[in-house]
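Numbered according to the working numbering, the sequence shown spans residues -16 to 295.
For each residue, glycine too, the CB sits at the ideal point set by N, CA and C.
All values reported here derive from a predicted model rather than from experimental measurement.
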Amino acid sequence: MREEEKKPTSTIRRILKQRWALAAIYIASAAIILAAAFLLQNSFNDSAKDGKEESAETGKNYDQPSVEVNSNLETIKMPVADADKSVIKKQFYDVNADEKAQEEALVFYNNRYEQNKGIDIAMEDGKSFDVKASLSGNVTKVQDDALLGNLIEVEHEDGVVTRYQSVKDIKVAVGDKVKQGQAIATSGKSQINEEAGVHVHFEIRKDNIALNPTDFIDKQASSIQSATGMEGSELEDSANKEETPAVEESKTDKEETPAVEESETGTDETPAVDETDESTDLENGTDKEGSTPGEDTTEESDSLKDSLNQSN
-16 MREEEKKPTS
-6 TIRRILKQRW
4 ALAAIYIASA
14 AIILAAAFLL
24 QNSFNDSAKD
34 GKEESAETGK
44 NYDQPSVEVN
54 SNLETIKMPV
64 ADADKSVIKK
74 QFYDVNADEK
84 AQEEALVFYN
94 NRYEQNKGID
104 IAMEDGKSFD
114 VKASLSGNVT
124 KVQDDALLGN
134 LIEVEHEDGV
144 VTRYQSVKDI
154 KVAVGDKVKQ
164 GQAIATSGKS
174 QINEEAGVHV
184 HFEIRKDNIA
194 LNPTDFIDKQ
204 ASSIQSATGM
214 EGSELEDSAN
224 KEETPAVEES
234 KTDKEETPAV
244 EESETGTDET
254 PAVDETDEST
264 DLENGTDKEG
274 STPGEDTTEE
284 SDSLKDSLNQ
294 SN
């Protein structure tokens, strides 16, 4: 038994005593270490690639929304380079303004008065100037119009559109993306408002409804959404008030309790003539019935008196 236990041990010792044994062990150990390091490195590379792809896709997904948020936070500017040297030739027609302001905001053309849907801006010296984009957006319309003095429309977020009329030397085309402050045309004249001279007619529209631009200058574009929401609620309140006019109420009251129906109902239920006839008949019947018993009583009393006299 002892000899058998010693044989394996002696064999290992013999192998280890060989010159190549230690080198082989070192090489095998190094190969194992390198293989493990290689596998670990590949796993790290795969995770890094996955992370880069996810970040790239995330960047692509949020590329367009980031532009919209930034443009929606832009401050609305006057469509001129130097607003301090500009003047407003004609104001926006405001339905809530006084009569004098409304008259001044009317545009007279071809024997007709038109409400001004924007503001007409000119320079103090009356010279031409570059028309700037009030907000960043996409050009959706460019139209040559002698009456309006040519037209440019730029679309923004949430249904907001800015319009520039009475312009010339147009520098943009449909489909172009413009940045705030970019020159898009030069001021000009229009037939519909010749008295304004060289100017630009500037409009702000929300869902194709004209708004007063002076209410939003130097404010964020998001203020248009909140302002139009408040106006919408006021319009709903006024509409609710107009749902029940006074004429309809008077008609309803008359239909509920008309005077004619009351008289007819009263006549059918207890007519005055019937009550009088019935009371008269009752009185007459009582008198007749009362008189008949009275006569019978008198006759009976006379007969009693005669019988008494005879007895006496």
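(1) My parser needs the beta strand (DSSP E) runs of 3 or more residues fully inside the stretch 132 to 175; what are they?
(2) Based on DSSP bridge pairs, tell me the residues matched to Y297.
(3) Take the Cβ of D201 as the centre, count every other Cβ of all protein chains shown within 10 Å, and call the residue buried at 16 or more, exposed below.
(4) Are there 16 or more other CB atoms within 10 angstroms of the CB of Q1, so buried, or fewer, so exposed?
(5) Between D152, V161 and V114, which has its C-alpha nearest V137's C-alpha?
(6) State the DSSP-derived secondary structure class of E107, mapped to helix, strand or coil.
(7) Candidates G164, S12 and S111: which alpha carbon is nearest G120's?
(8) Is DSSP giving I59 helix, strand or coil here?
(9) I need the boundaries of the beta strand (DSSP E) containing E186, first residue and last residue.
(10) So if DSSP puts S26 in a beta bridge, which residue, or which two residues, is it bridged to?
(11) Find the nearest neighbour of A179 within the set I207, M61, A14 and S111, judged by alpha-carbon distance.
(12) Select from L89, L17 and A116 the residue whose C-alpha is nearest the C-alpha of V63.
(13) Considering only their Cβ atoms, is the gap separating Y147 from V114 smaller than 7 Å?
(14) Suppose you measure from the CA of I187 to the CA of A193; what does that come to, to the nearest Å?
According to the structure data:
(1) 134 to 138, 143 to 148 and 166 to 170
(2) Not covered by the structure: residue 297. The range shown for the chain is -16 to 295.
(3) Within the sequence shown, numbered from 1, the residue matching residue 201 stands at position 218. Classification of D201: exposed, given that the 10 Å Cβ count is below 16.
(4) By one-based count along the sequence shown, residue 1 stands at place 18. Exposed.
(5) Residue numbering aside, residue 137 sits at position 154 when the sequence shown is read from its first letter. Checked all of D152, V161 and V114; the closest Cα to V137 is V161.
(6) Translated into the one-based positions of the sequence shown, residue 107 becomes position 124. E107: coil per DSSP, three-state reduction.
(7) Locating residue 120 in the sequence shown gives position 137, counting from the first residue. If we check each option's Cα against that of G120, G164 comes out closest.
(8) By 1-based counting over the sequence shown, the position of residue 59 is 76. I59: coil per DSSP, three-state reduction.
(9) The residue labelled residue 186 in the question sits at position 203 within the sequence shown. V183 to K189 is the span of the beta strand (DSSP E), which, as asked, contains E186.
(10) In the sequence shown, the residue the question calls residue 26 occupies position 43. Its beta-bridge partners do not exist; DSSP assigns none.
(11) Residue 179 sits at position 196 when you count from the first residue of the sequence shown. With distances taken between Cα atoms, A179 lies closest to S111.
(12) Working through the sequence shown from its first residue, we reach residue 63 at position 80. Checked all of L89, L17 and A116; the closest Cα to V63 is A116.
(13) Here the question's residue 114 lines up with position 131 in the sequence shown. Here the question's residue 147 lines up with position 164 in the sequence shown. Cβ atoms of V114 and Y147: closer than 7 Å.
(14) To locate residue 187, count along the sequence shown from 1; it is residue 204. To locate residue 193, count along the sequence shown from 1; it is residue 210. Their Cα atoms are separated by approximately 6 Å.
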